[in-house]
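Written out below as structure tokens is the structure these notes cover.
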Amino acid sequence: MSAYGAIVRSTTHVESDPLATTFWHIGRVAAGESVVMGKEVDDGMTYPQETLALDAFEAYFFSGDVFLAIFSSGGVGGPEGTETNLSLEEARQQRTWEECVAGYYYVKPNYPGRSSHICNGGFVVPPIHRGKGSGSALAKSYVHYAPKLGYRASVFNLVYANNAASVKLWEGLNFKKAGLIPKAGRLRRKDGNGEEYVDAWVFYRSFVNEEG
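Residue numbers (full-length UniProt numbering): 1 to 212.
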């Protein structure tokens, strides 16, 4: 949900065929990942929400296009950027969701109507899989697929300035700092001693002329 209410992705700016993937048992995936997202929200250091129940998670995350990253196993995979044609269950290979889900992200319009060609994304990497390069892989995937969904640019509204890893990641992918919002987040301190107000960067990147 945004300040404009629920935003539906426009198809007027989509130039390529839409991407289509069927996720089986998506309800179980959503339930499991809502726990991870809920913990991230409860930690109070990366997302602005203060609470996030399952129905709120589904409304927030699944209102756009969602990409789920699965760790490769049993010879499935290849060099970075290799495309494969697997169902979710084939990629899962009888592992638990906790074992195989490397992370996930959504892509949806940041603004409605005449500005809906600019997208926004939200990313989550389960705590047990952090430090394995999943965040970087998700970010590169986002930059690859967002233009294919028809978006011409991306904006991240709130990248908290104390999230050094996220700032470094987006700068490394040629996102520009479009502005600084002073004291944009009332976040929990990392040492657990109360809360503090933290500045936030607005990041922007154009996708125009990147499709070739």
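Every residue, glycine too, gets a C-beta built ideally from N, C-alpha and C.
Unbroken beta strand (DSSP E) run spanning residue i, endpoints
{"i": "PRO182", "result": "176-188"}
{"i": "LYS108", "result": "101-109"}
{"i": "SER72", "result": "Careful: SER72 lies outside any beta strand (DSSP E) and carries neither H nor E."}
{"i": "GLU196", "result": "195-206"}
{"i": "residue 277", "result": "There is no way to answer for residue 277, as the model of the chain reaches only from 1 to 212."}
{"i": "PHE156", "result": "153-160"}
Close beta carbons around residue i, own chain, < 7 Å, minus the five adjacent residues each side
{"i": "ASN174", "result": "ARG205"}
{"i": "ARG189", "result": "GLU195 and GLU196"}
Beta-carbon proximity list for residue i, same chain, < 8 Å, skipping 5 on both sides
{"i": "LEU180", "result": "ALA161, ASP199, ALA200, TRP201 and VAL202"}
{"i": "CYS100", "result": "ILE70, PHE71, SER73, ALA91, ARG92 and GLN93"}
{"i": "ILE118", "result": "PRO109, ASN110, TYR111, TYR151, ARG152, ALA153, SER154 and VAL155"}
{"i": "ALA139", "result": "PHE123, LEU169, TRP170 and LEU173"}
Residue j beta carbon less than 8 Å from that of residue i
{"i": "residue 219", "j": "ASP65", "result": "In the structure displayed, the chain extends from 1 to 212; residue 219 sits before or after that span and is not available."}
{"i": "ARG130", "j": "PHE207", "result": "no"}
{"i": "GLY150", "j": "VAL124", "result": "no"}
{"i": "VAL159", "j": "SER166", "result": "yes"}
{"i": "TYR60", "j": "TYR105", "result": "no"}
{"i": "TYR197", "j": "LYS177", "result": "no"}
{"i": "PHE67", "j": "TYR145", "result": "yes"}
{"i": "ASN120", "j": "ASN163", "result": "no"}
{"i": "SER136", "j": "LEU169", "result": "yes"}
Cβ shell of residue i (< 6 Å), same chain only, five flanking positions each side left out
{"i": "ARG28", "result": "Since pLDDT at ARG28 reaches only 49, below the 50 mark, its modelled position is unreliable, and no value is offered."}
Burial state of residue i (16 or more Cβ within 10 Å)
{"i": "GLY194", "result": "exposed"}
{"i": "GLY172", "result": "exposed"}
{"i": "GLY185", "result": "buried"}
Boundaries (first-last residue) of the alpha helix (DSSP H) holding residue i
{"i": "TYR145", "result": "134-148"}
{"i": "ALA165", "result": "164-172"}
{"i": "CYS91", "result": "The sequence shown places Ala at residue 91, rather than the Cys named in the question. Its alpha helix (DSSP H) spans residues 88-92."}
Minimum Cβ-Cβ distance from residue i to chain B less than 8 Å
{"i": "VAL167", "result": "In summary, chain B is missing from the structure at hand, where a single protein chain is found."}
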